[in-house]
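Trainee: What follows is a structure written as structure tokens; I'll ask about it next.
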Amino acid sequence: MVVAMAMANNGSLSPAPPAAFQEPPPDYIENGRLYHGLHKGKYMFPCDEDEKDRMDIFHKFFEVAMGGVLHSRNTTFTNNYDGPRILDLGTGTGIWAIDMADKYGSDMGTGEVLGLDLARIQPPTIPENLQFLQRDIESPWWGLEVESWDMVHIRMLSGSINSWPALYQKVRRYLKPQVGRFEQVEIDFTPRSDFGDIPADSALATWARNLFEATRRNFRPLAYNTEIRAMLQKEEFLDIQEEVIRIPLNPWPDDPQEKDVARWYNLALTQGLEAMTLGPMHRIYGWSKDDVTRLITEVRRDICNRKIRAYNNLHVWTARAPVKPPS
């Protein structure tokens, strides 16, 4: 396994990996879906071709929802003539990291991008200024340079993280003090309607409740973390800003932009229902794949029903690193 060991701007590295650091176990099949073998069972979502397609559809959805940009306009890079150093946590297929490497490799000289993920599902052909490493971001980030990254990026990690405060501490440690930028993009999957269109016993509401509870029991809740601002403030992040974007579950709104967002979100969500649901429901509740299939068939029907004027919220958080790194 390759380990990034380039010196940081301040010359310091996090600890080198121990001598026993080995290749992870192989991926495995469960209920017809492929799951990665690193820390088997901890991460409840698959890593097969269907899941990669889902991730790439969500990438397009995020681009549309955020107005065609790869990151918030609040995230800017200054005083970096060689191009920014960008760290993408939970990179998935690496599609965001690839686009960022293309953008900042051409626009700003030699921008460097590094993506970390449990699963090795990134493509083999990538830009020269991009690297992917297989890492558990909840474990020590072996060999990465502290205080040397211009941006740390997180997207759709709800359901994957046991301790958000611990992760934010790491983000703070690796960002350049005072100038490094942090960005987190998360969907709150709680079904909402301003018209009373979602009965408590509907398939959509039942699905969300069960999924939130199952992932909570796995100690990695999918439910949106409402304490992000307080957690970032505790780590002394600066210029904390939040943007909330309404994302309709289907094209029921009249606004053309919201309709476009809704079409992509509807595609991403309906394509991803099995991936989001199968692992948690099977491992926590003991449901069979047939049980899950019956539920998500009803949920998909609700999601696509234009008489149900439902939406989720997309949260885009940005912040600047504290003046001093953690002691």
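All residue numbers for the sequence shown refer to full-length UniProt numbering, where the first residue is 1 and numbers rise by one. A virtual CB, placed ideally from N, CA and C, is assigned to each residue, including glycine.
1. List the residues that DSSP assigns as beta-bridge partners of proline 123.
2. Just checking, does the region 42–58 make contact with the region 250–259 on the three C-beta pairs under 8 Å criterion?
3. Round the Cβ separation of histidine 315 and aspartate 188 to the nearest angstrom and send it over; I've been treating them as touching at under 8 Å.
4. With DSSP as the reference, identify every bridge partner of leucine 114, one or two as the case may be.
5. Along the chain, which unbroken stretches of the beta strand (DSSP E) at least 3 residues long are found entirely within the region 281–321?
6. In terms of alpha-carbon separation, which member of Gln241, Lys103, Leu267, Val69 lies closest to arginine 85?
7. Which first and last residues belong to the alpha helix (DSSP H) in which aspartate 53 is found?
8. Which value, in whole angstroms, describes the spacing of the CA atoms of proline 140 and asparagine 305?
9. From arginine 217 to tryptophan 287, what distance separates their C-alpha atoms?
10. Buried or exposed: where does arginine 301 fall if 16 or more other Cβ atoms within 10 Å of its Cβ makes it buried?
11. In whole angstroms, give me the CA-to-CA distance for tyrosine 168 and glycine 159.
12. Write down every uninterrupted run of the alpha helix (DSSP H) in the region 174–262 whose length is 4 residues or greater and which is fully enclosed by it, in chain order.
13. Short of 6 Å in beta carbon distance, which residues of its chain neighbour residue 328, apart from the five on each side in sequence? Order them along the chain.
14. Proline 322 and proline 123: beta carbons closer than 8 Å?
15. Determine the DSSP secondary structure at tyrosine 104, reduced to helix, strand or coil.
16. Under 8 Å, do threonine 75 and glutamate 183 count as touching if we go by C-beta distance?
17. Am I right that leucine 278 and arginine 33 are in contact with their C-beta atoms under 8 Å? What's the rounded C-beta distance?
18. Please classify glycine 68 as buried or exposed, where buried requires at least 16 other C-beta atoms within 10 Å of its C-beta.
Mentor: Reading off the structure:
1. According to DSSP, which records beta bridges pairwise, proline 123 is partnered with nothing at all.
2. Judged by Cβ distances under 8 Å, the region 42–58 makes no contact with the region 250–259, as fewer than three pairs qualify.
3. 6 Å between Cβ atoms; contact.
4. BP columns for leucine 114 point to Leu87, Gln131.
5. Listed in chain order, they are 311–320.
6. Measuring from the Cα of arginine 85, the nearest candidate turns out to be Lys103.
7. Segment 49–65, the alpha helix (DSSP H) holding aspartate 53.
8. One C-alpha to the other measures close to 45 Å.
9. Those two C-alpha atoms are separated by around 15 Å.
10. Exposed, since its Cβ has fewer than 16 Cβ neighbours within 10 Å.
11. Going by the C-alpha atoms only, they are around 16 Å apart.
12. Those alpha helix (DSSP H) runs which fall completely within the region 174–262 and span 4+ residues are 203–217, 228–234.
13. The requested residue 328 does not occur in the structure, where the chain is confined to residues 1 to 327.
14. Going by C-beta atoms, proline 322 is not nearer than 8 Å to proline 123.
15. Helix, per DSSP.
16. Cβ distance < 8 Å, so threonine 75 and glutamate 183 count as in contact.
17. About 6 Å separates the CB atoms of leucine 278 and arginine 33; that is less than 8 Å, so the two are in contact.
18. By the neighbour-count rule (16 or more Cβ atoms within 10 Å), glycine 68 is not buried but exposed.
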